[in-house]
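In what follows, a structure is listed as structure tokens, so that the remarks can point back to it.
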Amino acid sequence: MEITVIASGSNGNCCLVEDRKNSILIDAGKSAKEIDSRMNQLGKSLENVDAIIITHSHHDHISGAGIIARMHGIPLYMSKDTFSEVGSKIGNVDHSQIKHFTQKPFRVGDIEIRPIQTSHNVSSCGFAVGEFGLFTDTGTVTKQMHDILPKLKGVLLESNHDIDMLLNGRYPAYLKQWILSDVGHLSNIHASEFIQEKGNNLGLVLLGHLSGNNNTKELTKKTFETLVKRKINYDVCSRDKASGKWSI
Ligand SMILES: [Zn+2]
Ligand SMILES: [Zn+2]
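First residue of the sequence shown? That's 376 in the numbering used here, and the numbers climb one at a time after it.
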């Protein structure tokens, strides 16, 4: 399986997961033009994408989804709740292109996709796509995340903020409180502890969805290397450009 991180951060998210036959885009939270151009630079094409699957309704996960789906005739998968929250934000997508998933696993071609509950301030989920998991935008590690991680070979996990940097930063108190809450975002410490505790089978960890104001790549790395005692191939995703390709 090949994983291509096209965008990751509170400013836009998009990740391509492929096996030999199928190609799935998780979230499309940059403009269609930007996603297209970043994919082309990595030798990928939207023409080959079989499905776009959406984690939740926030702008940084859906902003290009409607246009890409329409332009390339790609089915757009989201839960019913997310669809009702998204409303007109995805533009004029033909309703026959929208596919709803429930909490149950579903398939796109040969690939099994399992929605995994996350904990956010809107209806949200992560996904296990084959043996790769993507979990971002979650204020806490949910039971479903706990249960699935030991079965995965690769993960893209949110490592949103450094708690001290957030607390000492300039965000208003209500925003700090939300980010730190169980329906906010996962901190560097929580992400690294989760990997240390449950990531025994992981061959690849990608830390992503970094905050632009409350985190740095260096702090993310430092926390990970302090808390994760096993030697493990890991990287921190870039907020500014595509991060690259990995195989699991
Ligand atoms: Zn987000
Ligand atoms: Zn979000």
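Quick reminder that beta carbons are idealized off the backbone N, C-alpha and C, glycines included. Treat the numbers as computed from the prediction; the structure is a model and nothing was measured.
- Going down the chain, each residue whose beta-carbon is closer than 6 Å to a heavy atom of ligand 2 shows up: His431, His433, His495, Asp512.
- Taking 7 Å as the cut-off, the C-beta of Asp557 does not count as close to any heavy atom of ligand 1.
- Taking the CA atoms as reference points, Thr477 sits about 21 Å from Gly514.
- Per DSSP, the continuous beta strand (DSSP E) segment holding Ile428 begins and ends at 426–428.
- Cβ-Cβ distances below 6 Å link Glu487 to Pro480 in the same chain, with the five nearest sequence neighbours on each side left out; the list follows chain order.
- Around the beta-carbon of Ser618, 16 or more other beta-carbon atoms lie within 10 Å, marking it buried.
- Where Asn423 is concerned, there is no enclosing beta strand (DSSP E), because DSSP gives it neither an H nor an E.
- Scanning the segment 452–490 for uninterrupted beta strand (DSSP E) segments of 3 residues or longer gives 473–476, 481–483, listed from N- to C-terminal end.
- Taking C-beta separations shorter than 6 Å and ignoring five residues to either side along the sequence, the partners of Ser438 in its chain run Gly404, following chain order.
- In the DSSP assignment, Thr595 falls within the alpha helix (DSSP H) that extends over 592–602.
- Shortest Cα-Cα distance from Ser420 to any of Asn397, His436, Ile429 involves Asn397.
- Under the three-state reduction of DSSP output, Asn415 falls in the helix class.
- DSSP lists Pro490, Leu509 as the bridge partner or partners of Phe502.
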